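Numbering (full-length UniProt numbering), first residue to last: 1 to 102.
Below, the structure written as structure tokens:
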């Protein structure tokens, strides 16, 4: 899971790609757990995943109406199809991702 910048996110969205964008902040304990869960998921699915430290991109929080972190955007063909705040478990995330990307 690579750290993305504004250019990479813009390119990803403008190309109508599909994948996940994970928003976090480094001092958020829940985000640390969510990051580990996504590392497991990354090995289970063939979906592009980018992550962004929301502290550096407050304009994206406003643009995507992100209410809290961690936040996972599921993007299909350049459009947000789901926003996940409660990661629950690896199986929960896996099923959500497979539903949209299979």
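In this text, a Cβ means the ideal position worked out from N, Cα and C, and glycines have one as well. Just so you know, these numbers come straight off a predicted model, no measurement behind them.
Nearest neighbour of residue i, chosen from the options [CA to CA]
{"i": "residue 83", "options": "52, 57, 22, 26", "result": "22"}
{"i": "residue 10", "options": "44, 29, 57", "result": "57"}
{"i": "residue 48", "options": "89, 64, 72", "result": "72"}
{"i": "residue 42", "options": "7, 14, 19, 99", "result": "19"}
{"i": "residue 85", "options": "50, 31, 16, 100", "result": "31"}
{"i": "residue 39", "options": "95, 100, 2, 99", "result": "2"}
{"i": "residue 5", "options": "100, 28, 90, 53", "result": "53"}
For residue j and residue i, the rounded distance between their alpha carbons
{"i": "residue 97", "j": "residue 79", "result": "15 angstroms"}
{"i": "residue 60", "j": "residue 69", "result": "12 angstroms"}
{"i": "residue 24", "j": "residue 51", "result": "8 angstroms"}
{"i": "residue 28", "j": "residue 89", "result": "17 angstroms"}
Next on the checklist: Threshold first: 3 residues or longer. Then list the beta strand (DSSP E) segments lying entirely within the UniProt domain "Thioredoxin" (13 to 84), N to C.
Outcome noted: 19 to 24, 48 to 53, 71 to 76, 79 to 84
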